[in-house]
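Participant: Using my numbering, you'd call the opening residue of the sequence shown number 598 and step up by one each time. We treat Cβ as the ideally placed atom computed from N, Cα and C, and that holds for glycine. Computed from a predicted model, the values in this text were never measured in an experiment. My questions will all concern the structure given below.
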Amino acid sequence: MKTDYDIVVIGGGPAGLAAAVSAYDNGARDILIVERENKLGGILNQCIHNGFGLKRFGESLTGPEYAARFVAEVRDRNIETLLQTTVLSLSADKEVTVMNAENGVKVVRAKAVILAMGCRERSRGALNIPGSRPAGIFSAGAAQKFVNIKGYLPGKKVVILGSGDIGLIMARRMTLEGAKVQAVCEIMPYSSGLTRNIVQCLDDFGIPLYLSHTITKIEGKDRVTGVVVSAVDENKKPVPGTEIHFDCDTVLFSVGLIPENELTKEAGIELSPRTKGAVVDQTRETSASGIFACGNVLQVHDLVDFVSEEAEIAGRCAAEYSAGERKEKFFVHTREGAEVSYVLPQKIDLNRAEDVALYFRVRSTVIKASVVLKSGEKTIAEFKKPIVVPGEMQRVKLSASLFGDISGDITVEVKKQ
598 MKTDYDIVVI GGGPAGLAAA VSAYDNGARD ILIVERENKL GGILNQCIHN GFGLKRFGES
658 LTGPEYAARF VAEVRDRNIE TLLQTTVLSL SADKEVTVMN AENGVKVVRA KAVILAMGCR
718 ERSRGALNIP GSRPAGIFSA GAAQKFVNIK GYLPGKKVVI LGSGDIGLIM ARRMTLEGAK
778 VQAVCEIMPY SSGLTRNIVQ CLDDFGIPLY LSHTITKIEG KDRVTGVVVS AVDENKKPVP
838 GTEIHFDCDT VLFSVGLIPE NELTKEAGIE LSPRTKGAVV DQTRETSASG IFACGNVLQV
898 HDLVDFVSEE AEIAGRCAAE YSAGERKEKF FVHTREGAEV SYVLPQKIDL NRAEDVALYF
958 RVRSTVIKAS VVLKSGEKTI AEFKKPIVVP GEMQRVKLSA SLFGDISGDI TVEVKKQ
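This is how it looks when you write it as structure tokens:
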């Protein structure tokens, strides 16, 4: 195998595929995609439900259909791929150590690297729920793989903790496969999933959603036999006397995603405590020169359409970098204002005269919201939205024509109109 490339993309999911195609279309030719699974597509391969591509293609596709379009684009461009290959390490000078059964351990050097490793699910161990370790406890993603790819039904009576999108979708999927979903419990006072998934996956099937509730005990020794669910107060502490008992043989956890940033940390790249991903500018370049990040490894997305959009930015800018197009940068930072939990990108290069899409999430639901961008005390832009909710990523566009009005860091805040 070759050891020198213009661009190495780590991850062959939706972000990695879109980034590689974009890099090729912007002039890069020597591109390698490294993927640890035996096929491209990433998480989309087990997401057989529809709803993908509504924004990008204007039609409702399943996950494998959406992935297949980008896999075809990669094949058409003869972009090289390494499947069933694990990346062991990444250095700040863009040396990637990979390992597979055919080639053993090899070091690959790149002019630019794109990080597209995606997320992993938070496990039961992070929650400290009392109980033994019986069979029947799964993450929602693991259960999804059992049902959709392997053809096994994990259980017949199910309780789901967490209202993330995979958990909501698995509530519907398990119901369609003949299981009884007793309840979906969410510790927060609002769902962390998309509104359309709450309607289509819970409301349409009569599955109850218990907000401000959590599992306080898992019963059973060899197999789960039941759970105790309790209401929680404003400090997320269980309230005595509110216990509800559910008989069940399966518990699914959908309690959040964690960006897979072990390689990022190893390269010494600065991480954001809010997104758990790398700190980037609008080109998606990290604090390590020539290393770019996109997709769920950078920030947890709701829609794969936005993953592809972000990946194309990273691919285009990585192609520019590998071609030697480097200009002096002048940064201002983005800050979180009222009701905003994070803003991405965290830095904006004002010397790059192009519009910047700002992604952010809100802390609580605001009806008839006004999104205000300020530089110092000066309002530089304002956007009206009918409603913003914590479970859905928000996006506004900062026009390059406004860069002249920016005198310092940009604060994004949300208020009622």
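Between glycine 817 and proline 727, which are expected to be in contact by the criterion C-beta below 8 Å, what is the C-beta distance as a whole number of angstroms?
Facilitator: For the purposes of this step, residue 817 is identified with residue 220 of the sequence shown, where counting begins at 1. For the purposes of this step, residue 727 is identified with residue 130 of the sequence shown, where counting begins at 1. Actually they do not touch by this definition, with Cβ atoms about 12 Å apart.
Participant: Would phenylalanine 654 pass as a contact of valine 901 if the rule is Cβ separation under 7 Å?
Facilitator: The residue given as residue 654 occupies position 57 in the sequence shown. The residue given as residue 901 occupies position 304 in the sequence shown. No.
Participant: Over the uninterrupted alpha helix (DSSP H) stretch that includes serine 905, give me the two end residues.
Facilitator: Mapped onto the sequence shown, residue 905 falls at position 308. Looking at the DSSP string, the run of the alpha helix (DSSP H) that includes serine 905 is 901 to 919.
Participant: Applying the criterion that 16 or more other CB atoms from any shown protein chain within 10 Å of the CB defines a buried residue, is lysine 862 buried or exposed?
Facilitator: Locating residue 862 in the sequence shown gives position 265, counting from the first residue. Its Cβ having fewer than 16 others within 10 Å, lysine 862 is exposed.
Participant: Can you check the segment 694 to 748 for any alpha helix (DSSP H) of at least 4 residues that lies completely inside it and give the ranges in chain order?
Facilitator: DSSP runs (the alpha helix (DSSP H)) wholly in the segment 694 to 748: 737 to 742.
Participant: With 16 other CB atoms within 10 Å as the buried threshold, where does serine 619 fall?
Facilitator: As a working note, residue 619 is residue 22 in the sequence shown. By the neighbour-count rule (16 or more Cβ atoms within 10 Å), serine 619 is buried.
Participant: With 16 as the cutoff for other CB atoms within 10 Å, does glycine 759 come out buried or exposed?
Facilitator: The sequence position of residue 759 within the sequence shown is 162, counting from 1. The residue in question, glycine 759, is buried, as its Cβ has 16 or more Cβ neighbours within 10 Å.
Participant: Measure the Cβ-Cβ separation of glycine 934 and glutamate 1010 and say whether it is below 7 Å.
Facilitator: The sequence position of residue 934 within the sequence shown is 337, counting from 1. The sequence position of residue 1010 within the sequence shown is 413, counting from 1. Yes.
Participant: With DSSP as the reference, please indicate the residues paired to valine 1011 in a beta bridge.
Facilitator: Taking the sequence shown and counting its residues from 1, one reaches residue 1011 at position 414. Val968, per the DSSP bridge assignment.
Participant: Among Pro786, Met771, Met785, whose alpha-carbon lies nearest the alpha-carbon of glutamine 779?
Facilitator: For the purposes of this step, residue 779 is identified with residue 182 of the sequence shown, where counting begins at 1. Nearest of Pro786, Met771, Met785 to glutamine 779, Cα basis: Met771.
Participant: Would you mind working out which of Ala689, Val848, Gln1014, Ile784 sits nearest alanine 768, comparing C-alpha positions?
Facilitator: Against the sequence shown, residue 768 aligns to sequence position 171. Nearest of Ala689, Val848, Gln1014, Ile784 to alanine 768, Cα basis: Val848.
Participant: For alanine 625, count the other beta carbons within 10 Å of its own beta carbon; 16 or more makes it buried, fewer makes it exposed. Which is it?
Facilitator: In the sequence shown, residue 625 corresponds to position 28, counting from 1. Buried, because 16 or more other Cβ atoms sit within 10 Å of the Cβ of alanine 625.
Participant: Since isoleucine 855 and lysine 833 are thought to touch, with beta carbons under 8 Å apart, how far apart are those beta carbons, to the nearest angstrom?
Facilitator: Within the sequence shown, the letter at position 258 stands for residue 855. Within the sequence shown, the letter at position 236 stands for residue 833. The pair is not a contact, with the Cβ atoms about 19 Å apart (cut-off 8 Å).
Participant: Starting from aspartate 673, follow the alpha helix (DSSP H) in both directions and report where the run begins and ends.
Facilitator: Residue numbering aside, residue 673 sits at position 76 when the sequence shown is read from its first letter. Run containing aspartate 673: 660 to 673, per the alpha helix (DSSP H) assignment.
Participant: Give me the residue from Ala669, His898, Arg871, Glu692 with the minimum Cα distance to glycine 988.
Facilitator: Position 391 of the sequence shown, counted from the start, is the residue given in the question as residue 988. The shortest Cα separation from glycine 988 among Ala669, His898, Arg871, Glu692 belongs to His898.
Participant: Between the segment 600 to 614 and the segment 703 to 716, are three or more C-beta pairs nearer than 8 Å?
Facilitator: Yes, since at least three Cβ pairs between the segment 600 to 614 and the segment 703 to 716 fall closer than 8 Å, the two stretches touch.
Participant: Between which residues of its own chain and serine 827 is the CB-CB distance below 6 Å, once the five residues before and five after are set aside?
Facilitator: As a position in the sequence shown, residue 827 is number 230, starting the count at 1. Hits under 6 Å: Thr813, Pro835, Thr839, Glu840.
Participant: Between glycine 613 and aspartate 844, what straight-line distance do the alpha-carbon atoms span, to the nearest angstrom?
Facilitator: Along the sequence shown, one-based indexing puts residue 613 at 16. Along the sequence shown, one-based indexing puts residue 844 at 247. So the two alpha carbons sit approximately 42 Å from each other.
Participant: If you count every other CB in all the chains shown that lies within 10 Å of the CB of alanine 776, and 16 or more means buried, which is it?
Facilitator: Residue mapping note: residue 776 aligns to position 179 of the sequence shown, counting from 1. With 16 or more other Cβ atoms within 10 Å, it is buried.
Participant: Out of Gly973, Val986, Ala966, which one is the CA nearest neighbour of glutamate 979?
Facilitator: Start at 1 with the first residue of the sequence shown, and residue 979 comes out as number 382. Among Gly973, Val986, Ala966, the Cα nearest to that of glutamate 979 belongs to Ala966.
Participant: In the DSSP output, what is phenylalanine 889 paired with across the bridge?
Facilitator: As a working mapping, residue 889 is identified with position 292 in the sequence shown. DSSP output for phenylalanine 889 lists Ile711, Glu882 as bridge partner(s).
Participant: Pull up the distance between the alpha-carbon of tyrosine 918 and that of valine 704, whole angstroms please.
Facilitator: If you number the sequence shown from 1, residue 918 lands on position 321. If you number the sequence shown from 1, residue 704 lands on position 107. Distance between the alpha carbons of tyrosine 918 and valine 704: 21 Å.
Participant: Answer yes or no: do threonine 811 and valine 829 have a C-beta to C-beta separation smaller than 7 Å?
Facilitator: Reading the sequence shown from its first residue, position 214 is the one you call residue 811. Reading the sequence shown from its first residue, position 232 is the one you call residue 829. Yes. Within cutoff.
Participant: Can you check whether the CB of arginine 717 is closer than 7 Å to the CB of glutamate 857?
Facilitator: In the sequence shown, residue 857 corresponds to position 260, counting from 1. In the sequence shown, residue 717 corresponds to position 120, counting from 1. Yes, the Cβ-Cβ distance between glutamate 857 and arginine 717 is below 7 Å.
Participant: Measuring alpha carbon to alpha carbon, tell me which of Ser729, Ile1007, Ala915 ends up nearest alanine 713.
Facilitator: Translated into positions along the sequence shown, residue 713 becomes position 116. Residue Ala915 is the option with its Cα nearest to alanine 713.
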